[in-house]
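A.B. asks:
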Amino acid sequence: MTTEPANFDYVSSTARIAVYDNLRSTPRVVEIPPAPTNEYITSIATQTYTLAREMGGQIPFTVVQEVSENFIHAYFTEVVVSVLDGGNTIRFTDQGPGIPDCGKAQLPGYSSAVEEMKRYIRGVGSGLPIVKEYFEGAQGSVVIENNIRTGAVVTISLKAENEREEAPLRQALRAAQRPASESGYPNEAAANGATNIARGVHAADSTSTNATSGPLMDSMPILSPREQEFIELFYSEGPLGVTEMGELTNTAPSTTHVTMKKLVALGLIEVPAGTKKRVLTARGRAVAQQL
Numbered sequence: 001m002t003t004e005p006a007n008f009d010y011v012s013s014t015a016r017i018a019v020y021d022n023l024r025s026t027p028r029v030v031e032i033p034p035a036p037t038n039e040y041i042t043s044i045a046t047q048t049y050t051l052a053r054e055m056g057g058q059i060p061f062t063v064v065q066e067v068s069e070n071f072i073h074a075y076f077t078e079v080v081v082s083v084l085d086g087g088n089t090i091r092f093t094d095q096g097p098g099i100p101d102c103g104k105a106q107l108p109g110y111s112s113a114v115e116e117m118k119r120y121i122r123g124v125g126s127g128l129p130i131v132k133e134y135f136e137g138a139q140g141s142v143v144i145e146n147n148i149r150t151g152a153v154v155t156i157s158l159k160a161e162n163e164r165e166e167a168p169l170r171q172a173l174r175a176a177q178r179p180a181s182e183s184g185y186p187n188e189a190a191a192n193g194a195t196n197i198a199r200g201v202h203a204a205d206s207t208s209t210n211a212t213s214g215p216l217m218d219s220m221p222i223l224s225p226r227e228q229e230f231i232e233l234f235y236s237e238g239p240l241g242v243t244e245m246g247e248l249t250n251t252a253p254s255t256t257h258v259t260m261k262k263l264v265a266l267g268l269i270e271v272p273a274g275t276k277k278r279v280l281t282a283r284g285r286a287v288a289q290q291l
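Under the UniProt record's numbering, the first residue of the sequence shown is numbered 1, with each subsequent residue one higher.
1) Give the DSSP bridge partners of E66, in chain order.
2) Quick one: what does DSSP say I41 is sitting in, helix, strand or coil?
3) Could you pull the start and end residues of the alpha helix (DSSP H) that L233 belongs to?
4) Excluding sequence positions up to five away, which residues of its chain have a Cβ less than 6 Å from the Cβ of S43?
5) Is it buried or exposed for A45, if we count other Cβ within 10 angstroms and need 16 for buried?
6) Is it the case that the segment 246-265 contacts the segment 79-99, given that we only count it when at least three CB pairs across the two stretches are under 8 Å?
7) With a threshold of 7 Å on Cβ separation, who are the neighbours of P36 within its own chain once the five nearest residues in sequence on each side are excluded?
8) Mind checking whether E229 and K262 have CB atoms under 8 Å apart?
9) Could you give the residue range of the beta strand (DSSP E) that holds G140?
10) If you draw a straight line from the alpha carbon of residue 301 to that of I156, how long is it in whole angstroms?
11) In this structure, how does DSSP classify F8 when only helix, strand and coil are distinguished?
12) Rounding to the nearest angstrom, what Cα-Cα distance links F234 and T256 in this structure?
13) Report yes if the C-beta distance between T251 and L268 is below 8 Å; otherwise report no.
14) Can you check whether the CB of I148 is closer than 8 Å to the CB of V81?
15) For the candidate residues Y40, R24 and P27, whose alpha-carbon lies nearest to that of S13?
16) Helix, strand or coil: which one does DSSP assign to V271?
17) Around the Cβ of G57, are there at least 16 other Cβ atoms within 10 angstroms (buried) or fewer (exposed)?
18) Quick one: give me the first and last residue of the alpha helix (DSSP H) that T251 is part of.
19) How far does the beta strand (DSSP E) with R91 in it extend, from its first residue to its last?
20) Would you tell me roughly how many angstroms separate the C-alpha atoms of E78 and A15, rounded to the nearest one?
21) With burial defined as no fewer than 16 other Cβ atoms inside 10 Å of the residue's Cβ, what is the status of G96: buried or exposed?
22) In this structure, how does DSSP classify V83 when only helix, strand and coil are distinguished?
23) Please classify R24: does DSSP put it in a helix, a strand, or coil?
24) Using the DSSP secondary-structure output, state which residues sit across from T155 in a beta bridge.
25) Just verifying my parser: in three-state terms, what is the DSSP assignment at L266?
26) Please report the straight-line C-alpha distance between P272 and R278, rounded to a whole angstrom.
27) Expressed to the nearest angstrom, what Euclidean distance is found between the alpha-carbon atoms of N146 and G140?
28) Does T26 pass the burial test, meaning 16 or more other C-beta atoms within 10 Å, or should it be called exposed?
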C-alpha cells in the first residue's frame, strides 16, 4: 500500500487561536480557514501577534512567525494556538508526528525539513534556535514538550516589563543609545566603555544591526524574499497601493494583501490617514537601508 505524498501547496485544515482573558472563563476562539500555505502561516502568525498585542503582550512578531512556521513539520494537523498571561505567553500545539529530540530542535542546524517544505520555510534548523536566543536569560522561556497523545507543544513566555532583569549585554546596548549624562554611567569614559561593549556584540553577533540600534530581534525582522522586495519598492517608489504593488511584482492580489498585512504588523509600513496607499514607517526605512 503506497502513501500519498503530502501536499505542501495548500493547507486544507482549520487552525484555531484560543484567547484566554483569564483561566476562569471560556476562551475566545478565532479560526484560521484553509488557504495556500504561505497565506495560512502568515495568517496564524499575524492573528496571534495582533491578539496578543491587544492584551498587552510584548512578544515580537518575528518570534511568533518563527514558531508558526514549525507547524509545517506537523503537516498542519490539529493546529491550536493559545494566548495567555495577558499576551505574554503563547502556546503552539499540534497533533503531528511530534519532535523526537526536543533538545536538538533548539540547536542550530538540526532540521527535519524536506525539500517540499523549503519552498515555504528556510528549513536549515534556525527557527527555534532564534526563538531560544531571544528568550535567553531573564527575558523569558521556551519550553518544547510532547503533546498528550501525539504531536508537539511549544510554549514561549515573556516576563512582564516590570519583572525583567536586563542582561548585562542588553544593558550595554541600551546605554550606548543614550548620552553619557543619561546613561547611568558615572563618567564619559564608562559610557564609552559601554559603547565599545555594544560594538563588540555587533562584531561578534549578527543579531545586532549596529552599535546604536539595539538587538536585531527588536529592530531587524526576518523577511522572506518577497517581503524584502516589497520593502525595497516602497523605499524606491514611495506610496503604493495593493494593485500597484501587485503589478510591479507580478504578485496575485490576495498574496499582495497578505504580505502587506504582515509588514503592517511588523511596523514596517503604515496607511496614513486619508489614503489607501501604504508607505514605509521610520522603522521600515531603517530596515530598507539594511537590505
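Don't be surprised by glycine CBs; every beta carbon is placed ideally from N, CA and C.
C.D. replies: Per the coordinate set shown:
1) None, per the DSSP bridge assignment.
2) helix
3) P225 to E237
4) I32
5) buried
6) no
7) D9 and Y10
8) Result no, Cβ atoms of E229 and K262 do not sit closer than 8 Å.
9) Per DSSP, the unbroken beta strand (DSSP E) holding G140 starts and ends at G140 to N146.
10) With the chain running from 1 to 291 in the structure shown, residue 301 is simply not present.
11) coil
12) 13 Å
13) no
14) no
15) Y40
16) coil
17) buried
18) Note, T251: premise wrong, no alpha helix (DSSP H); not H, not E.
19) T89 to T93
20) In this structure, the alpha-carbon of E78 lies about 7 Å from that of A15.
21) Classification for G96: buried.
22) strand
23) Looking at R24 - three-state DSSP - the assignment turns out to be coil, as it is neither helix nor strand.
24) Paired residue(s): R91 and V143.
25) coil
26) Their backbone Cα atoms lie some 7 Å apart in a straight line.
27) C-alpha separation (whole angstroms): 20 Å.
28) exposed
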